[in-house]
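Trainee: The structure follows.
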Amino acid sequence: MYNQTNFSNYMMRTTPFFILALLLHSITVFPQQKLDENMYFKKLPNGLEVLVVVDNTIPMATIEIACRNGSFTETNQFNGLSHLYEHLFFKANKDYPDYQSFDKKSNELDINSNATTREEVVNYFFTLPSANLKPGLKFMNSAIRYPKFNKEDMQMENEVVNAEFTRQESNPMFALIDANKKHMWGADYSRKNIIGNHDVILSATPSKMDSIKNKYYWPNNAVLVIVGDVKVNETFNAVDEIFSSWKASPFDPFKKWPIPEFKPILKNDYYILETDKTQVPYMLFSWHGPDTRNDIPGTYIADVFSFIVNQNGSKLKQALINSGLAQVAEVNYYTQKYTGPISLMISPNPARVKDCYEEALKQIALWDEDDYLSDLQIERAKRLLSIDAIERREVAADYAHTLSFWWASASIDYYTHYEENLNKVTRKDLLDYVKRYIKDKPYCAGLLIHKNNAVTVKPQEFFKSTN
Numbered sequence: 000m001y002n003q004t005n006f007s008n009y010m011m012r013t014t015p016f017f018i019l020a021l022l023l024h025s026i027t028v029f030p031q032q033k034l035d036e037n038m039y040f041k042k043l044p045n046g047l048e049v050l051v052v053v054d055n056t057i058p059m060a061t062i063e064i065a066c067r068n069g070s071f072t073e074t075n076q077f078n079g080l081s082h083l084y085e086h087l088f089f090k091a092n093k094d095y096p097d098y099q100s101f102d103k104k105s106n107e108l109d110i111n112s113n114a115t116t117r118e119e120v121v122n123y124f125f126t127l128p129s130a131n132l133k134p135g136l137k138f139m140n141s142a143i144r145y146p147k148f149n150k151e152d153m154q155m156e157n158e159v160v161n162a163e164f165t166r167q168e169s170n171p172m173f174a175l176i177d178a179n180k181k182h183m184w185g186a187d188y189s190r191k192n193i194i195g196n197h198d199v200i201l202s203a204t205p206s207k208m209d210s211i212k213n214k215y216y217w218p219n220n221a222v223l224v225i226v227g228d229v230k231v232n233e234t235f236n237a238v239d240e241i242f243s244s245w246k247a248s249p250f251d252p253f254k255k256w257p258i259p260e261f262k263p264i265l266k267n268d269y270y271i272l273e274t275d276k277t278q279v280p281y282m283l284f285s286w287h288g289p290d291t292r293n294d295i296p297g298t299y300i301a302d303v304f305s306f307i308v309n310q311n312g313s314k315l316k317q318a319l320i321n322s323g324l325a326q327v328a329e330v331n332y333y334t335q336k337y338t339g340p341i342s343l344m345i346s347p348n349p350a351r352v353k354d355c356y357e358e359a360l361k362q363i364a365l366w367d368e369d370d371y372l373s374d375l376q377i378e379r380a381k382r383l384l385s386i387d388a389i390e391r392r393e394v395a396a397d398y399a400h401t402l403s404f405w406w407a408s409a410s411i412d413y414y415t416h417y418e419e420n421l422n423k424v425t426r427k428d429l430l431d432y433v434k435r436y437i438k439d440k441p442y443c444a445g446l447l448i449h450k451n452n453a454v455t456v457k458p459q460e461f462f463k464s465t466n
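In structure tokens, the structure reads:
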């Protein structure tokens with residue numbers, strides 16, 4: 000699903016008129032397409048994909064630009080720099096040579112701005128009055144195309160991003176989530192580690208940031224999403240005028256710098272972390288799941304399965320929560336283009352850690368039994384997931400984020416057919432999914448436990464692989 004339980008943060012050149020006229024004329028080769036009742040699509044000759052979603056509820060609009068970049072492009076030497084780039088996006092550029100001028104223009108346009116960095120997408124967005132849409136598009140154009148990465152901004156933001164990292168590390172859960180990534184992804188840990196590495200962040204230079212821009216920040220690796228109280232034709236015309244002079248890259252970055260395939264988990268991999276930051280223990284089981292390159296149907300099935308077992312009436316919740324063995328038990332699947340992880344997070348009763356662990360294994364072993372899921376649960380899950388997908392469209396800014404996420408990690412077509420494909424999921428699909436990705440498959444299992452509790456619980460005696 001898009002809404003991952005992400006514990007780690009869990010976020011213009013002026014064109015002469017005659018050239019512009021030629022560019023605008025050439026755009027007729029790429030006709031405007033209507034994808035949904037209020038959604039329109041157009042692709043510029045330079046490869047920039049443009050989505051316009053009309054929502055006249057209030058006189059506001061969100062302008063969001065997203066690129067296929069994020070931690071999945073990062074080697075160890077660049078780990079965390081996509082996130083640093085996010086911060087520098089709102090600093091100096093060619094048209095606004097310092098932060099003060101950038102901030103002044105932002106205030107003039109009544110812009111509320113923010114950005115997020117994920118594994119497979121980075122997105123930057125402005126929410127502003129609809130009357131300011133065209134100057135807002137020009138402002139976005141300046142930021143995406145002409146960043147300056149001056150030393151003064153970088154010195155400040157290097158420290159800001161590093162402080163964010165330090166705050167995350169203070170969360171008791173951070174150690175478990177970070178260890179899980181290292182065990183799950185091995186040598187390619189950096190490509191799933193959004194927050195990055197302290198040394199890399201603090202030593203980042205303008206030349207490193209320029210190298211990221213020159214690899215991934217091109218119109219043919221980007222989508223522009225505009226959601227709100229806008230007129231479709233006027234919006235597309237403004238986009239054509241402002242963004243058509245942005246030259247396409249002469250290369251495909253993912254062919255020139257291919258993303259490595261994550262190595263499979265070969266055997267069960269257990270680890271125990273002792274802490275003094277929390278009295279609450281946590282267990283985390285993780286598997287490599289489907290992705291949108293190799294098993295698109297499996298990603299829909301994974302969403303349905305996770306939703307069912309997370310409901311209060313599920314057999315998993317009855318066995319772990321209702322029995323008093325655990326306070327939390329949540330299954331999650333995170334849709335990705337490159338290996339989506341499946342996880343089961345449990346917070347055991349501190350006095351019954353071993354019993355909880357044994358029951359968790361028992362429940363996992365039952366997941367492919369014919370009677371583990373009822374017909375009612377399956378149909379209810381599909382219906383509620385569809386409702387959730389509809390509700391996500393009600394807030395313009397949130398809808399823009401959703402669209403850019405799916406554009407990067409799957410496709411817009413994947414998203415627009417989401418409800419239709421959910422409804423195709425059968426009981427057999429769900430059982431086959433468990434057999435293919437979970438039942439008797441190697442997994443990573445971590446336990447976070449207070450060091451005093453570890454003395455009496457002695458997890459090393461039972462929290463270990465038996466194969």
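Mapping of the sequence shown onto numbering that gives the first Met the number 0: position 459 corresponds to residue 458, and the numbering continues sequentially without gaps.
Glycine included, every Cβ here is placed at the ideal spot set by N, Cα and C.
1. Which of helix, strand or coil does DSSP assign to Ser464?
2. Skipping 5 residues on each side, what residues in its chain have a beta carbon closer than 7 Å to that of Phe71?
3. What separation, rounded to the nearest whole angstrom, lies between the Cα atoms of Pro280 and Leu446?
4. Using DSSP's beta-bridge definition, name the partner residues of Cys355.
5. Would you mind stating whether Asn92 and Lys147 have Cβ atoms separated by less than 8 Å?
6. Under the DSSP definition of a beta bridge, which residues are partnered with Ile193?
7. Assign Arg67 to buried or exposed, taking buried as 16 or more other Cβ atoms, counted over all protein chains shown, within 10 Å of its Cβ.
8. Since Ala247 and Asn45 are thought to touch, with beta carbons under 8 Å apart, how far apart are those beta carbons, to the nearest angstrom?
9. What's the gap between the Cα of Leu319 and the Cα of Gln310?
10. Buried or exposed: Ile62, going by 16 or more other Cβ atoms within 10 Å of its Cβ?
11. Looking at the secondary structure, which residues open and close the alpha helix (DSSP H) in which Tyr299 lies?
12. In the DSSP output, which residue or residues are listed as bridge partners for Trp286?
13. Do Lys450 and Tyr269 have their beta-carbon atoms positioned less than 8 Å apart in this structure?
14. DSSP on His24, reduced to helix/strand/coil?
15. Which value, in whole angstroms, describes the spacing of the CA atoms of Asp290 and Gln99?
16. State the DSSP-derived secondary structure class of Glu36, mapped to helix, strand or coil.
17. Quick one: give me the first and last residue of the beta strand (DSSP E) that Gln317 is part of.
18. Ser244 bridges to which residues according to DSSP?
19. Under a Cβ-count criterion, where at least 16 other Cβ atoms within 10 Å of its own Cβ denotes burial, should Val308 be classed as buried or exposed?
20. Run the CB neighbour count on Pro458, radius 10 Å, all protein chains shown included, and call it buried at 16 or more, exposed below.
21. Go ahead and label Phe250 buried or exposed: buried means 16 or more other beta carbons lie within 10 angstroms of its beta carbon, across all protein chains shown.
22. Check each candidate in Glu358, Asp302, Ala301, Gly312 and name the one with the smallest Cα separation from Ala325.
23. Can you list the beta strand (DSSP E) stretches of 3 or more residues lying completely in the segment 374 to 455, in chain order?
24. By the three-class DSSP mapping on this structure, what secondary structure does Val279 have?
25. Please return the same chain residues whose Cβ sits closer than 6 Å to the Cβ of Glu460, not counting the five positions on each side in sequence.
26. What are the boundary residues of the alpha helix (DSSP H) that includes Leu80?
27. Starting from Asp268, trace the beta strand (DSSP E) in both directions and tell me its first and last residue.
28. Ends of the beta strand (DSSP E) at Ile64?
29. Using only alpha-carbon positions, find the residue among Asp412, Val394, Glu73 that is nearest to Ser210.
30. Starting from Tyr123, trace the beta strand (DSSP E) both ways and give me its first and last residue.
31. Let's see if you can read the secondary structure: which residues bound the alpha helix (DSSP H) around Ser202?
32. Would you report the Cα separation of Ser112 and Lys353, rounded to the nearest angstrom?
33. Among residues of its own chain, excluding the 5 on either side of Asp109, which ones have a beta-carbon nearer than 7 Å to its beta-carbon?
34. Would the segment 194 to 203 count as touching the segment 37 to 57 if we require 3 or more Cβ pairs under 8 Å?
35. Determine the closest residue to Ile264 out of His182, Leu43, Ser403, with distance taken between C-alpha atoms.
36. Using the three-state DSSP reduction, which class does Leu175 fall into: helix, strand or coil?
Mentor: Inspection of the coordinates gives the following:
1. coil
2. Glu118, Glu119, Arg190, Ile258, Tyr337
3. 7 Å
4. For Cys355, which the question treats as bridged, DSSP gives no partner whatsoever.
5. yes
6. None; Ile193 has no bridge partner.
7. buried
8. 4 Å
9. 12 Å
10. buried
11. 295 to 308
12. Ile341
13. no
14. Because the pLDDT of His24 is 31, which lies under 50, any placement of that residue in the model is unreliable, and the question is left without a value.
15. 43 Å
16. coil
17. Premise fails: Gln317 is in no beta strand (DSSP E) and is neither H nor E.
18. Ser244 pairs with nothing; no bridge assigned.
19. buried
20. buried
21. exposed
22. Glu358
23. 443 to 449
24. coil
25. none
26. 80 to 87
27. 268 to 274
28. 59 to 66
29. Glu73
30. 121 to 128
31. Per DSSP, Ser202 belongs to no alpha helix (DSSP H) and is neither H nor E.
32. 47 Å
33. Leu127, Pro128, Asn131
34. no
35. His182
36. helix
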